[in-house]
Structure formats: structure tokens, C-alpha cells
Amino acid sequence: MGKIERFMVDGQHEPVSHYCHAVRSGERIWISGMVGIDQSGNIPTDTVDQFQTAMNNLDSVLRKAGGKSKDIVKVVVFLTDISDRARINPIRQRYFGEHRPASTLVEVSKLVLPELRVEIEAEAVVID
């Protein structure tokens, strides 16, 4: 592993605890859980809209750390209602395309804010 770089990305919501948006060491990138809070601090009420916002946030953080969607090797998605999986899946399919990451999907009772319905974290390996 190389040096450790920590990223706080402009336009992303401030961490609610003691963490950064992403960490990179060598070719590996770890992205903290991204939620559906947009740059203005708005939280959409619909799970699909929250997931799209969370994916936009994830992509922004990933790119700041030097990665692309094809570099993501693992995602973990947390949903407060597992039945929303089918509704968010088209967004995942568009984003990842043929580059399917390993994935875990978990239903949780709550996320850090009561309005949140979805969170996604990711790990990437950049080899170019």
C-alpha cells in the first residue's frame, strides 16, 4: 500500500461523526456511506430519488479520489424498506453497466437521520 489520502469533498454534506468522505491508499479507495442529501441540504421524500442523489454523491466522491464507476468492486446498500430494491435497481444498472460489483443489500430499521431511507458505501480498485 502507498500513502494514505483522506478526502473531504466540496458540495457533500458534512459528516455527522468523525470520518471523511473517502480514503485512498495506492490503488484502493474506500467510500463512506453516501445518502440522499443534495448539495443544498435537501432530502427527497421518495426512496428512488434519495438513491439517485446518493449515487450522484458517491460518483462525485469516487471521482475526487481518482476513480470511476468501472473501478468499484464492492457496494453495500442499506434500505429501510427492502421492498424498494426493485425500484432502485434500474439506477444501479445504469450506473454500473457491464461492470457489476460484488454487492450486499441489507434492510435496517433506521439511518442516521429519520428522513433517510437509503445509504450506499463502496470500495474501488483503480488499475490503469
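Following the working numbering, the numbering of the sequence shown begins with 6 at its first residue and continues without gaps.
Note that CB positions come from ideal geometry on N, CA and C, so glycine has one too.
Query                                                                                 : Result
Between the CA atoms of residue 130 and residue 32 - distance to the nearest angstrom : 5 Å
Three-way DSSP call (helix, strand, coil) for residue 122 in this model               : coil
Residues that DSSP places opposite residue 12 in a beta bridge                        : 27
Rounded C-alpha distance that separates residue 42 from residue 112                   : 19 Å
Delimiting residues of the alpha helix (DSSP H) encompassing residue 67               : 52-69
Three-state secondary structure (DSSP) of residue 93                                  : helix
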